[in-house]
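Each residue of the sequence shown is one higher than the last, beginning at 8 in this note's numbering.
Just so you know, even glycine gets a beta-carbon here, dropped at the ideal spot from N, CA and C.
Because the structure is a prediction, the values reported are computed rather than measured.
Here's the structure we're looking at; comments come further down.
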Amino acid sequence: MILDLLTLLPRLVWFTLWFIQQIFRSAGRTILHVIMPTDRSTPRVVRLHLGDIGSVHAAVTSILITITPGTVVLGVVGEDDDVTLLIHTLYYADADEAHRDLIQVDRRMMKAVRVGGADARH
Numbered sequence: 008m009i010l011d012l013l014t015l016l017p018r019l020v021w022f023t024l025w026f027i028q029q030i031f032r033s034a035g036r037t038i039l040h041v042i043m044p045t046d047r048s049t050p051r052v053v054r055l056h057l058g059d060i061g062s063v064h065a066a067v068t069s070i071l072i073t074i075t076p077g078t079v080v081l082g083v084v085g086e087d088d089d090v091t092l093l094i095h096t097l098y099y100a101d102a103d104e105a106h107r108d109l110i111q112v113d114r115r116m117m118k119a120v121r122v123g124g125a126d127a128r129h
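As structure tokens, then:
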């Protein structure tokens, strides 16, 4: 337990650095799209099933996804025992790629903030 608490700060720092890198990567794609307006966007709505989570978890995941350029959470479907996020994306080749990338935001965030760094749901 003590070791788990001692690793909390490094995990939070590592997640923050990873997330900042994701923001810059997405912002770069968006800036290129504005500067060179060839139609590279592939807009789509992706359903990201998160399962049995609380409202705070759903809100934090939604915020992290929404502040990333090129993605916005349109809504939350379900209750705490079965949550699905509806996410509008712009730059993914297909829905599977979008899902893989977006679920990483949730998984990495949970690994960073949970004591022990483990997420039993995934």
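C-alpha distance - residue i paired with residue j, whole-angstrom precision
i	j	result
T23	H106	21 Å
S69	I94	9 Å
T49	G82	20 Å
I74	D113	14 Å
K118	Q111	10 Å
T37	L57	27 Å
V80	L10	35 Å
A125	P44	Its pLDDT being 48, under 50, A125 is placed unreliably by the model, and nothing is read from it.
D103	V41	25 Å
M89	D46	The question names Met, but residue 89 in the sequence shown is Asp. If you take the alpha carbons of D89 and D46, they lie about 36 Å apart.
V67	I27	16 Å
Residue i: first and last residue of the uninterrupted beta strand (DSSP E) it sits in
i	result
I94	V90 to T96
V120	Premise fails: V120 lies in the alpha helix (DSSP H), A102 to V120, not in any beta strand (DSSP E).
T78	T78 to V84
R51	R51 to G58
Short Cβ contact (8 Å threshold) for residue i with residue j
i	j	result
V120	L19	yes
L109	I72	yes
Chain-order list of residues whose beta-carbon lies under 8 Å from that of residue i (same chain, five-residue window excluded)
i	result
G85	T91
I30	I74, T75 and P76
Own chain, CB closer than 7 Å to residue i, minus 5 neighbours either side, in chain order
i	result
H129	In this predicted model, H129 has a pLDDT of only 42, less than 50, meaning its place in the structure is not dependable; the value taken from the coordinates is given anyway. Cβ within range, chain order: R114.
L12	V122
G77	S33, R36, T37, T96, L97 and Y98
Residues near residue i in its chain [Cβ-Cβ closer than 6 Å; skip 5 each side]
i	result
G61	D87
D59	D88
A65	V83 and V90
Enclosing alpha helix (DSSP H) for residue i [first to last residue]
i	result
T68	S62 to T73
T37	L15 to I42
Are the segment 87-103 and the segment 46-65 touching by the rule of at least three beta carbon pairs closer than 8 Å?
Flag = yes, the segment 87-103 and the segment 46-65 touch.
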